[in-house]
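Line by line, the protein sequences are chains A and B. Mapping of the first sequence onto the numbering used here: residues 415 to 1140, in sequence order. Mapping of the second sequence onto the numbering used here: residues 584 to 834, in sequence order. Beta carbons: idealized from backbone N, C-alpha and C, even for Gly.
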Amino acid sequence: MFRILLLHIILLFVLSSYAQQPSFKNFKSNTSPYLQFNDVVIFQNNVLFITNEGLFKFEKEAIVQVLQKENLSKFIVVNKQLFIWSIFGEIYEFKNKKLHTFPFNTLLSKRLENSIINTMIYSDSSFYISTIVGSQVIQVDLRTETIKTLTQFRQNPYFITQFGKKLITGTNQNTTKNELAIYLTETPFFIPLADENSNSKSNIIQLKDNTYLFTKQHEVIRFNSSSLINRIFSEKNIEAIHQDRENKIWCALNNGGIIVYADGNLKESNSTRYLGNQTVISIAEDTLGNLWFGTSGNGVYLLEKNEIESVNSNTINYKTPHIFSNTNTENEKIQSKFIIKNLPLIKEDASFAAVSSPSRIISIKESFPDSISPIVFVNSIKINGIDTTTLSHYELSYQFNSIELTISGVNSNKSDLQYKYILEGKDVNWTYSVSTSVYYASLQPGYYTFKVFAMNDSGIWSRTPAIVTFNISQPFYASIWFILSGILLLIVLLFIVLFFINKQNQQKNKLLEEQKQKILFSELQVLRNQMNPHFIFNTLNSIQSFITNNESKDAVIYLSKFAKLMRATLANTKRQKISLKDEIDTLRLYLELEQLRLNNKFSYEIIVDDKIDIHYEQVPSMLIQPYVENAIWHGISTLEGKGIIRVQFLLEKENLLKCIIEDNGIGREQAMKTKKSTSTSFGMSITKERIEILNSLEGSNLTIKVHDLTKNNKPAGTRIELFLPI
Amino acid sequence: MFKAIIVDDEKGGRDNLEALLKSFPNISIIAKAGNIKEAQKALEIDKPDVLFLDIEMPGGNGFDLLEKLGNIDFDVIFTTAYDHYAIKAIKYSALDYLLKPIDPTDLEAAIKRFTNKLKDQPLTNTKLKTLFNNVSTESANQKIIIHDGEGLNFIRIKDIIRFHSEGSYTDIYIVGNQKPIFISRPINEYEDLLSNEAFYRIHRSHFINLQHVKKYVKGDGGYVIMSDNSKVEVARRKRNEFIQILSSSTF
């Protein structure tokens, strides 16, 4: 559904943008592309521009600089003379490509020091200057060479202009009310303005049907010599207005391009917008009917006559010679709003005070038929596109945040109403509109107050606004309580996690410490086992027997072996791991000494796989000896006949050593029955324990397998298989 | 015939060695001394070819005697029951020693070595100097003497970067030397020799000085970059132990 709607909107947009899109030509200065074109004038067949960087002209399809001068404001064309005034009130004549300063400029700019000039006109050898800040009208009389502040306008005038012999001025009768004072007949009349702020520039032109068009900010008012005709709010502030030779009215908008009304009928339906959201600040029409638009920052747009025709087909079709040909100079007729000759109206001591007395104005106001305030209300409210019962307050959850309001007003006559509205909490400024539909999409959570006033043609605002309030709640996840509790929870969780990590570490450390102690203890026990008195003293006894039998050579040999074994045992206990070579050497010494003790009751062999580098491979020290000892004392010692002990080291896998300790003894079962010395089984249990510790501490995987060997169904020894990861 | 003097504070020690030496007809004992003074006297009377010198003796040890003698023109074989530190120093200095009780096979081997290198006797003084140095300085500044085809190399232990095994040969890389020292001995001899120092066998072919490890780069087994920027492979199954040693060592 939504997609179809979107498609329609896009289609509509595309179609509308293709239709009626006249071609504007855009020109920019090559040297300064971002000029602000304050004014455009067609003078002696030249198109001249006042910009923030000075005077420019249109030449060979380009904007070129004529002279450099900052702070120039507007042109004034008087007959064949071209005057330019600056924002400080200095007046220059442009002649022979130069600016000629008037001698009174210093005096004049001093008098205008704290003012902002709204308009300047020339009339009857005098310049009249009106200001919006400072509220004064100054006359520069060229004949008498005097500068006067016209006291009759002391009641806060903010513009002055004249048409023919008539003068119009806007006054602010009191400090709160802003009015247009119109002196077109003997009896002036007043039009209240919607805008409370008088400190903004205004425009006024006379239309071909002898009505007048006044603009100030977003307000557009059309009136004739005796009364108001209609008024409208423009979407954007109006910078300049112009009526072309086909009666179309062009308004230059701040941030809104241009809007053109087909005739004096100022209706939205009667208008077309161009140039997007550019800021257009000046308009001029040349002798051929081409229109020139000066922008702020985007150069100059030229809309040629034939293009203007393409906009509105019902207008007369002109044949258009090229604009820049030098013909038609005689026919040049400048459409200027300020060409006024012999205007006698303003004289220095003429008294206007009576005309604009406050009491008079009040009486005029009361005589207005439409002086009753209109009533405004909000008709309907749609939330997220769904109609609601219209209430004065809405509590909305965060996802219901698109609000569409329809406003309407009741008026004493049937004239159109204008509206101004604001959504407090979102908007900073009032929006002035003729539209009765207001739409706010995707509002952030918060408290909003929608206020709307209506204004009738007489400029009378509704006394009270229609007010609707909306409270859009924070989503639960954004509410302060949710966030706070979330943070709190997080902190608590963090503490819990830290606590457990800490505890775990402590436990780990404790465990590690325990294991270390266990290892030390087990190593001590291994040492004690290896150095067991039984072995030591029996060996010494055997050696002693050599001496008593005068076999000193053997005594020396075995004593050396005994010493070496003791030394090796001492050295090996200092190290967790020793090379396989050291282990084998120690084992060999042990076996030789046991052979001595048992009077060569057994023979032994130690076989090492060729693939094993005994120097490089490391094994836990003193791990194998207890099994060999076990084989000797449990398997061989009580055996009838000669025993054989075979120790083999094989490379089971790339990183797994297999040690086989094999004997041809009596077997485990028989050995259990004979119950020999417990010290050897003690050695075995120590070793088993040590293997467990090593496995848990180093994560290694030492394993033992015990096989009972049989021959002809009779026990024939034991085979121990030790798997040592390397 | 080689003349020998035996120095040992214990009578049993002296007599035992004397008895054992009877099996060697080319050795004749010219004197036996129970302490340094007696030894000095004996040496004044007659010069031996070899001195069997006990290290630990009351009233001055074996090293003191040699220091007093200065340059000597005989060989020395130390005898000791158990003196780990002294044995280490002797080993580093490539001097010979016998452990008590004396194994006749070891004695035979020592005497064989002595007779074979008689012509090299002048080197004994240099070796002894190294020994005195090793005994008197801290571990890091101790030197080891390594024989190569050309002669003796006196190498400070802390300057050894690594040993590289080439079968039964070994290359020794040393700080400041462009080329390694080439030795016709297997790497495990040095592993045994330096087992108490900060050295580690990271690979079948590599025995390195941990103090020269600049960087360990992870990998299957990974490799280390040594101070001379050489890359040395770490065996996969040595990896964990190596990392543990690296992280726990305090050098």
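Review point. Which ranges does the beta strand (DSSP E) cover as unbroken runs of at least 3 residues, wholly within the segment 673-702 of chain B, from first to last along the chain?
Key: DSSP assignment within the segment 673-702 of chain B yields the following whole beta strand (DSSP E) runs of 3 residues or more, N-terminal first: 679-682.
Check your understanding: Opposite A/TYR835 in the DSSP bridges: which residues?
Key -> Partner(s): A/THR845, A/VAL866.
Exercise for review: Mark B/ASN701 as exposed unless 16 or more other C-beta atoms lie within 10 angstroms of its C-beta, in which case mark it buried.
Suggested key: Note that residue 701 of chain B is Leu in the sequence shown here, rather than Asn. Label assigned to B/LEU701: exposed.
Exercise for review: Please name the residue in A/PRO447, A/LEU486, A/GLU475 whose C-alpha comes closest to that of A/ILE464.
Suggested key: Of the listed residues, the one whose Cα sits closest to A/ILE464 is A/LEU486.
Point to revise | Validate contact between the segment 666-681 of chain B and the segment 952-969 of chain A using beta carbons, cut 8 Å, 3 pairs | key: Judged by Cβ distances under 8 Å, the segment 666-681 of chain B makes no contact with the segment 952-969 of chain A, as fewer than three pairs qualify.
Point to revise | Rounded Cβ spacing between A/LEU819 and A/PHE884 (contact assumed at less than 8 Å) | key: The beta-carbon separation of A/LEU819 and A/PHE884, rounded to 10 Å, does not stay under the 8 Å limit for a contact.
Review point. Quick one, which residues of the segment 678-710 of chain B are near chain A if we go by CB-CB under 9 Å, in chain order?
Key: Under the 9 Å Cβ criterion, the segment 678-710 of chain B contributes LEU682, LYS683, PRO684, ILE685, ASP686, PRO687, THR688, ASP689.
**Study point:** Which of helix, strand or coil DSSP assigns to A/ASP830
**Key:** It is coil, neither helix nor strand.
Review point. How big is the Cα-Cα spacing for B/ILE738 and B/PHE765?
Key: Separation of B/ILE738 and B/PHE765 (C-alpha to C-alpha, rounded to the nearest whole angstrom) is 13 Å.
Check your understanding: Where does B/THR663 land, buried or exposed, given buried means 16+ other C-beta within 10 angstroms?
Key -> Classification of B/THR663: buried, given that the 10 Å Cβ count is 16 or more.
Check your understanding: Roughly how many whole angstroms lie between the Cα atoms of A/GLY860 and A/VAL842?
Key -> Straight-line Cα distance between these residues: approximately 15 Å.
Exercise for review: From the DSSP output, in three-state form, read off A/VAL906 for me.
Suggested key: A/VAL906 falls in the helix class under three-state DSSP.
Review point. Using the beta-carbon of each residue, which ones in chain A are nearer than 8 Å to B/ARG784?
Key: The answer, in chain order, is TYR1030.
Review point. Would you say the beta carbon of B/LYS762 comes nearer than 7 Å to a heavy atom of the ligand ATP?
Key: Absence of the ligand ATP from the depicted structure is noted, as is the absence of any ligand whatsoever, leaving it without description.
Check your understanding: Are the C-beta of B/ARG787 and some C-beta of chain A separated by less than 8 Å?
Key -> Yes, B/ARG787 lies at the interface with chain A (some Cβ there is under 8 Å from its Cβ).
Review point. Any C-beta of chain A sitting closer than 8 Å to the C-beta of B/ARG820?
Key: Yes, because at least one Cβ of chain A sits closer than 8 Å to the Cβ of B/ARG820.
Exercise for review: Could you confirm whether any beta carbon from chain B is found closer than 8 Å to the beta carbon of A/ASN1069?
Suggested key: At a cut-off of 8 Å between beta carbons, A/ASN1069 contacts chain B.
Review point. Whose C-beta lies closer than 7 Å to the C-beta of B/ARG819 among residues of the same chain, with five residues either side of it excluded?
Key: Around B/ARG819: ASP803, GLY804.
Check your understanding: Hey, is A/SER959's beta-carbon within less than 8 Å of any beta-carbon in chain B?
Key -> It does not; no Cβ of chain B falls within 8 Å.
Practice item. Name, please, each residue of chain B whose Cβ falls closer than 7 Å to the Cβ of A/LEU1123. Key: In chain order: nothing, as chain B lies at least about 32 Å away.
Review point. Helix, strand or coil: how does DSSP classify B/PRO705 here?
Key: Helix at B/PRO705.
Review point. Can you check whether the CB of A/PHE451 is closer than 8 Å to the CB of A/THR709?
Key: In contact: A/THR709 and A/PHE451 (Cβ atoms closer than 8 Å).
Check your understanding: Under the three-state reduction of DSSP, which class applies to A/THR802: helix, strand or coil?
Key -> When secondary structure is reduced to three states using DSSP, A/THR802 falls in the strand class.
Check your understanding: Quick one: is A/SER974 near chain B, going by C-beta distance under 8 Å?
Key -> For A/SER974, the answer is yes, since a Cβ of chain B falls inside 8 Å of its Cβ.
Review point. Quick one: which chain B residues come within Cβ less than 7 Å of A/ALA977?
Key: Within chain B, the residues near A/ALA977 are PRO684.
Check your understanding: Since A/SER443 is in the beta strand (DSSP E), which residue starts that stretch and which ends it?
Key -> For A/SER443, there is no enclosing beta strand (DSSP E), as DSSP marks it with neither H nor E.
Check your understanding: Does the distance from the C-beta atom of A/MET1036 to that of A/ASN986 stay below 8 Å?
Key -> Between A/MET1036 and A/ASN986, the gap from beta carbon to beta carbon is short of 8 Å.
Check your understanding: Would a C-beta distance cut-off of 8 Å place A/SER437 and A/GLU467 closer than the cut-off?
Key -> The Cβ atoms of A/SER437 and A/GLU467 lie no closer than 8 Å to each other.
Check your understanding: Is B/VAL807 helix, strand or coil by DSSP?
Key -> Of the three classes helix, strand and coil, the one that applies to B/VAL807 here is strand, per DSSP.
Review point. How about A/GLU699 and A/ARG659: are their beta carbons less than 8 Å apart?
Key: Taking 8 Å as the Cβ cut-off, A/GLU699 and A/ARG659 qualify as a contacting pair.
Review point. What distance in whole Å lies between the Cβ atoms of A/VAL1042 and A/ILE1021, which are believed to be in contact at a cut-off of 8 Å?
Key: Rounded, the Cβ-Cβ distance is 14 Å, inconsistent with contact.
Review point. Using the beta-carbon count (16 or more within 10 Å), is A/THR629 buried or exposed?
Key: Label assigned to A/THR629: buried.
Point to revise | Any C-beta of chain B under 8 Å from that of A/ASP1027 | key: Output row for A/ASP1027: interface = yes.
Practice item. Have a look at the DSSP bridge pairing and note the partners of A/LYS471. Key: According to DSSP, which records beta bridges pairwise, A/LYS471 is partnered with A/LEU462, A/VAL478.
Check your understanding: How about B/ASN736: is its C-beta nearer than 8 Å to some C-beta of chain A?
Key -> Contact of B/ASN736 with chain A is not assigned, every C-beta pair being separated by 8 Å or more.
Exercise for review: Give a yes or no on whether the C-beta atoms belonging to A/GLY503 and A/LEU526 are separated by under 8 Å.
Suggested key: Yes, the pair counts as a contact, with Cβ atoms nearer than the cut-off.
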